[in-house]
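Beneath this line is the structure, given in structure tokens, with notes to follow.
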Amino acid sequence: MESLLEIRNMSAGYDKKVVLSDVNLTVNPEDFIGVIGPNGGGKTTLLKTLLGLLPPIKGEIVFNESMREGDHHHIGYLPQVNRIDKKFPITVFDVVRSGLMSRKRLTGRYSREENERASYLLEEMGISALRKKAVGELSGGQLQRVLLCRALVNRPRLLILDEPNTYVDNQFERELYERLRILNKDMAILLVSHDVGTITTYVKTIACVNRTLHYHPSNKISTEQLAAYECPIQIISHGQIPHTVLMQHDH
Ligand SMILES: Nc1ncnc2c1ncn2[C@@H]1O[C@H](COP(=O)(O)OP(=O)(O)OP(=O)(O)O)[C@@H](O)[C@H]1O
Numbered sequence: 001m002e003s004l005l006e007i008r009n010m011s012a013g014y015d016k017k018v019v020l021s022d023v024n025l026t027v028n029p030e031d032f033i034g035v036i037g038p039n040g041g042g043k044t045t046l047l048k049t050l051l052g053l054l055p056p057i058k059g060e061i062v063f064n065e066s067m068r069e070g071d072h073h074h075i076g077y078l079p080q081v082n083r084i085d086k087k088f089p090i091t092v093f094d095v096v097r098s099g100l101m102s103r104k105r106l107t108g109r110y111s112r113e114e115n116e117r118a119s120y121l122l123e124e125m126g127i128s129a130l131r132k133k134a135v136g137e138l139s140g141g142q143l144q145r146v147l148l149c150r151a152l153v154n155r156p157r158l159l160i161l162d163e164p165n166t167y168v169d170n171q172f173e174r175e176l177y178e179r180l181r182i183l184n185k186d187m188a189i190l191l192v193s194h195d196v197g198t199i200t201t202y203v204k205t206i207a208c209v210n211r212t213l214h215y216h217p218s219n220k221i222s223t224e225q226l227a228a229y230e231c232p233i234q235i236i237s238h239g240q241i242p243h244t245v246l247m248q249h250d251h
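Letter by letter, the sequence shown follows residues 1 to 251 in UniProt numbering.
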């Protein structure tokens, strides 16, 4: 299996409430997939199943051998910043290292390489000076940078980002998307976004999620196609859509 993972005929949901059904998706190492869909369509549910937080009701997710390390999958995850408890008294450096948690459990402490990796990422992201700060003291943009370091510290083969354009910091948002382009040379990326403009600018392919998943093997998508996938653009978009990036139906 050359792909990183395959979702096969999966249904997922909560307490017998099926949110997603018949989901099939193959994620390859070079993929940059934008995940879009209306509110409540099941995007977060899909992420939860990939992260192993929610077992499929039906079907399965098959991970490539290279994605597995004990019970740990090589997935880096950047949560929505508003899902983070900022009152938690933990330093920036420890948050970054917490991305290594499953390794630490084996030995009880971090190796020199792991500490160096965490320091390197802080340096890379231009936030070394924040190393000893408590996360509660950070701005939204700073916190996002820290969380991206955490997502990358374990050298993931797949990076999952949940709605990064809810970032408060516009400069970081631009920086982030440029950074993702570079990171995509080394890892697959799955980006959940409400911003169709961003999606079509940066991603390579699109997954429309609304009760099921329609895979669109291009980053150009017309409003007609979105409608056919039951992902009408008015429902998805929260802001203005730069329609130049959307394919016209006669193309
Ligand atoms: N823990 C839960 N228990 C029961 N139902 C849930 C739970 N979490 C989500 N749901 C329901 O599952 C459906 C899909 O929700 P999900 O959060 O996956 O959608 P989404 O596409 O991520 O939406 P949004 O764009 O608003 O974040 C919704 O109807 C939601 O109410």
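Note that the Cβ used here is the ideal one computed from N, Cα and C, for glycine as well.
Pair within 8 Å by beta-carbon distance, residue i and residue j
i	j	result
valine 18	isoleucine 57	yes
tyrosine 202	histidine 214	no
glycine 59	asparagine 154	no
leucine 130	glutamine 142	yes
leucine 5	phenylalanine 63	yes
valine 35	valine 95	no
glycine 41	arginine 211	yes
methionine 10	valine 27	no
leucine 148	methionine 125	yes
glutamate 114	arginine 97	yes
Distance between residue j and residue i (C-alpha atoms, nearest Å)
i	j	result
aspartate 208	glutamine 80	Inspection of the sequence shows that residue 208 is occupied by cysteine rather than by aspartate. Taking the straight line from one Cα to the other gives about 20 Å.
threonine 205	cysteine 231	15 Å
isoleucine 199	glycine 37	12 Å
serine 109	serine 21	In the sequence on display, residue 109 carries arginine and not serine. Between arginine 109 and serine 21, the C-alpha separation is close to 41 Å.
phenylalanine 93	arginine 8	38 Å
lysine 48	proline 55	8 Å
isoleucine 127	threonine 45	32 Å
lysine 185	leucine 121	17 Å
leucine 78	glutamate 224	31 Å
CB contact check: residue i to chain C, cutoff 8 Å
i	result
alanine 151	In the structure shown, chain C cannot be found, because there is only a single protein chain.
Residues surrounding ligand 1 [beta-carbon distance to nearest heavy atom under 5 Å]: Tyr14, Val19, Asn39, Gly40, Gly41, Gly42, Lys43, Thr44 and Thr45
Contact between the region 185–194 and the region 156–163 (3+ Cβ pairs under 8 Å): yes
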